[in-house]
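Working notes for the structure below.
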Amino acid sequence: MTQNTSKVLVFGSSDGNFKKIFEKTCDFLPEFNTNDSEVIDLVEGKIHRKSGTITTSKGIKISYLGGMYKENTFFNEIPQQNMETEQYIYENEVNYIMKEGKNTDILITYEWPKDIYKFSSKKSSKFVPGIQPIAKITSYIQPKYHFSSKGSIFYEREPYENIFTEDKQEASITRFISLASFNNPNKERSSYAFNITKSNPYNMLNTSNISNVTENPFMQEISINSKETKHNFEESKHNFFRDKNVSSNNKKQEHNIKISVESYKYINEEKNKETNSQISKNHVYSICNKMSHLDNCPKLKTKKSTKNDIPSSYTCKICSQKGHWIQNCPQKESRNFQETIHNYPNLEFCFFCLSNPKIARHLIISIGLEVYLALPKGPLTTTSTNPSTLPFSGHVLIIPIAHVPTINTIEEINRSKTKKEMERYRISITEMFKSKGCNTITFEISRTSGIHLHWQIIPIKNDFAGELENAFISYGNEKHYTFEKRNIRKEEENYLRIWLPNESILVHKINPQKYFDFQFPRYVISQVLGVKERKDWKNCIQTNEEECQDVTQFKEYFKNFDFTI
Numbered sequence: 001m002t003q004n005t006s007k008v009l010v011f012g013s014s015d016g017n018f019k020k021i022f023e024k025t026c027d028f029l030p031e032f033n034t035n036d037s038e039v040i041d042l043v044e045g046k047i048h049r050k051s052g053t054i055t056t057s058k059g060i061k062i063s064y065l066g067g068m069y070k071e072n073t074f075f076n077e078i079p080q081q082n083m084e085t086e087q088y089i090y091e092n093e094v095n096y097i098m099k100e101g102k103n104t105d106i107l108i109t110y111e112w113p114k115d116i117y118k119f120s121s122k123k124s125s126k127f128v129p130g131i132q133p134i135a136k137i138t139s140y141i142q143p144k145y146h147f148s149s150k151g152s153i154f155y156e157r158e159p160y161e162n163i164f165t166e167d168k169q170e171a172s173i174t175r176f177i178s179l180a181s182f183n184n185p186n187k188e189r190s191s192y193a194f195n196i197t198k199s200n201p202y203n204m205l206n207t208s209n210i211s212n213v214t215e216n217p218f219m220q221e222i223s224i225n226s227k228e229t230k231h232n233f234e235e236s237k238h239n240f241f242r243d244k245n246v247s248s249n250n251k252k253q254e255h256n257i258k259i260s261v262e263s264y265k266y267i268n269e270e271k272n273k274e275t276n277s278q279i280s281k282n283h284v285y286s287i288c289n290k291m292s293h294l295d296n297c298p299k300l301k302t303k304k305s306t307k308n309d310i311p312s313s314y315t316c317k318i319c320s321q322k323g324h325w326i327q328n329c330p331q332k333e334s335r336n337f338q339e340t341i342h343n344y345p346n347l348e349f350c351f352f353c354l355s356n357p358k359i360a361r362h363l364i365i366s367i368g369l370e371v372y373l374a375l376p377k378g379p380l381t382t383t384s385t386n387p388s389t390l391p392f393s394g395h396v397l398i399i400p401i402a403h404v405p406t407i408n409t410i411e412e413i414n415r416s417k418t419k420k421e422m423e424r425y426r427i428s429i430t431e432m433f434k435s436k437g438c439n440t441i442t443f444e445i446s447r448t449s450g451i452h453l454h455w456q457i458i459p460i461k462n463d464f465a466g467e468l469e470n471a472f473i474s475y476g477n478e479k480h481y482t483f484e485k486r487n488i489r490k491e492e493e494n495y496l497r498i499w500l501p502n503e504s505i506l507v508h509k510i511n512p513q514k515y516f517d518f519q520f521p522r523y524v525i526s527q528v529l530g531v532k533e534r535k536d537w538k539n540c541i542q543t544n545e546e547e548c549q550d551v552t553q554f555k556e557y558f559k560n561f562d563f564t565i
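For the sequence shown, full-length UniProt numbering gives the first residue as 1, with consecutive numbering after it.
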């Protein structure tokens, strides 16, 4: 992990369970022995209220605005701090976030933004209405991540593309995620783990390759957030960190400005109909999301593309057919929006997701940018199957952080990085075992109906290394599993892949309509190692103490090969 990369774990509403939340963070927080008085001295004068901006030591900028929206209080001056007034948000707070939140990496709000469902093929489990002030903020500051918690549900929208403005000439995307409250009765996901690096926004070359990126849902808000509007609040002396004594006349004047901006937008559009020579500086063209032109959009011809313009590798995520873009899918309107694009099993039942509070965090070995390492429950190998130079099981899993069943279902912008990091971990582990006079075998079962993709690496004594290829072919014939000596093809998703000790690869194509024995790879390896009784992981469960001991020893042996340290 690079020095500028931060591991981030976000929780929904705590409901007062602060202690339990910190108990769930596991490896995300380092061990420390600081007493309470030292902590109090450290944070004195740095306690933040419900709105503001902060920047971490690694340069990650976070903007936040807590509180509910109440129309009859929104335009009021910010009252003195008390429990009742802290429940609501105020216009001056919104203006402050817009002014100070430029180049925000992470935005955190209680309320959802208005129109967040627009252009999305995903719908939340229950409808949560958004509000215009939050849409105004997120459309203007364009964060990389936007987290909300109203409604106590988990909802992850497809990323949407931000537009070009006079101040922002780079393309970028924003990911909106709603998190349920901690310990919610419906067991919806209440936390979200990810890595983030302070960097320039994604360049346009990358954003155009994200298969499920949507149009920006806030086009109306972006038009309202014109340069003239920015001037009004940037020049205002009434933001709440400077002057809280705002007269009611001033508030009415600011409200009138907001209304006049809507009128200004309408008048400008009417003028544009009369002549192309008088283009509003704030007009955003709906096809390319850029300013300074009307009918002569350079992307107009591209937008009206034929089937021949669509890459042969592109598949619509709604109907799973080729030949059209997702926004032109004939099934888009009739699709049941309660069904998400990625209909993967509920994360509550996935014990490979770092954000699942039930995950066995004590088994985690290493966490990278897109991938992490963990020991399995019920390892196949033991000290008796390993050479004397390896005094622990060594059976280890390489797991993508993203909750996906196959490599190809990872968003394209992260797919290559994830594949490279998984392979880097595999090579590093193999080198570690080789340094101890031991070979390895790795296998992957990839199925579109799977839960969470992972690779399994198992140490193999040199004496058994040459037997594995014939064993897989022989036992495979008994089950009518045929193997080819090759690597997987780009579009393949249903397969068993095996990396043999000599680095050659066997691939069996899995028919998704037929039964496949998920225990098959482990069964074959157990036969070769002479430990048939360990073919089922449930027969190999260790005590918590034994697991922790294996983790400690693995980390010690792996530290010189761990590229994340």
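Beta carbons are placed, not taken as given, at the ideal position from N, Cα and C, and that holds for glycine.
By the three-class DSSP mapping on this structure, what secondary structure does residue i have?
i	result
ILE267	Summary for ILE267: the model assigns pLDDT 35, below 50, so the residue's position carries little reliability; its value from the coordinates is reported in the next sentence. Of the three classes helix, strand and coil, the one that applies to ILE267 here is helix, per DSSP.
ASN560	coil
SER13	coil
LEU179	coil
SER355	coil
SER6	strand
SER416	helix
GLU484	strand
PRO345	Confidence is the limiting factor: at PRO345 the pLDDT is only 49, short of 50, which leaves the residue's position unreliable and the question unanswerable from this model.
GLU547	helix
ILE153	coil
ASN195	strand
LEU107	strand
ASP295	Reliability fails at ASP295, whose pLDDT of 46 lies under 50, so the model's placement of it is uncertain and the value that follows must be treated cautiously. Coil at ASP295, not helix or strand.
TRP537	helix
PRO133	helix
ILE458	strand
GLU88	Position check: residue 88 holds Tyr in this sequence, whereas Glu was assumed. Strand.
PRO521	helix
PHE337	Residue confidence is low: PHE337 scores 33 on pLDDT, short of 50, so the model does not pin down where it sits. No coordinate-derived value is stated.
ASN409	What sits at residue 409 in the sequence shown is Thr, not Asn. Note: THR409 maps to helix in three-state DSSP.
Taking C-alpha atoms, which residue in the options lies nearest to residue i?
i	options	result
TYR90	ARG522, MET68, GLU444	MET68
PHE194	LYS419, GLY368, LEU390, ASP517	GLY368
PHE561	ILE141, ARG426, ASP105	ARG426
GLU215	ILE116, PHE147, PRO129	ILE116
SER181	ILE62, ILE488, ASN17	ASN17
residue 575	LYS555, THR482, PHE154, TYR160	There is no way to answer for residue 575, as the model of the chain reaches only from 1 to 565.
ASN487	HIS454, ILE525, GLU444, LYS514	GLU444
SER393	GLY151, GLY66, GLN549, ARG49	GLN549
PRO143	PRO129, PRO159, VAL128	PRO159
THR174	ILE137, SER149, PRO185, ASN184	ILE137
TYR515	ASN72, GLY151, LYS70, GLY450	GLY450
ILE54	ILE97, PHE351, ASN72	ILE97
LYS490	THR440, HIS454, LYS559, SER416	SER416
SER435	SER172, PRO387, GLU503	PRO387
LEU529	ILE141, LYS419, THR381, GLN519	THR381
residue 567	LYS419, ASN414, ARG424, GLU467	Any question about residue 567 goes unanswered here, given that the chain covers just 1 to 565.
Below 8 angstroms between beta carbons: does that hold for residue i and residue j?
i	j	result
THR406	THR448	yes
TYR495	ILE510	yes
GLU421	VAL371	yes
ILE108	TYR64	yes
ILE177	ASP105	no
VAL531	LEU363	no
GLY12	SER124	no
ASP517	LYS479	yes
PRO521	ILE541	no
LYS58	ASN103	no
VAL404	LEU373	no
LYS358	PHE351	yes
GLU484	SER446	no
Tell me residue i's beta-bridge partners as DSSP assigns them.
i	result
PRO400	VAL371
GLY52	TYR64
TRP499	THR442, ILE505
ALA471	Answer is none; ALA471 lacks a bridge partner.
GLU161	ILE173
HIS146	LEU107, PHE176
SER366	LEU373
THR214	TYR160
Less than 7 angstroms between the CB of residue i and some heavy atom of the ligand GDP, yes or no?
i	result
CYS438	For the ligand GDP, the structure offers nothing, since it holds no ligand at all.
Meets three-Cβ-pair contact criterion under 8 angstroms: the segment 472-479 and the segment 450-462 = no
Report yes or no: do three or more beta-carbon pairs, one from the segment 424-439 and one from the segment 506-520, lie closer than 8 angstroms?
-> no
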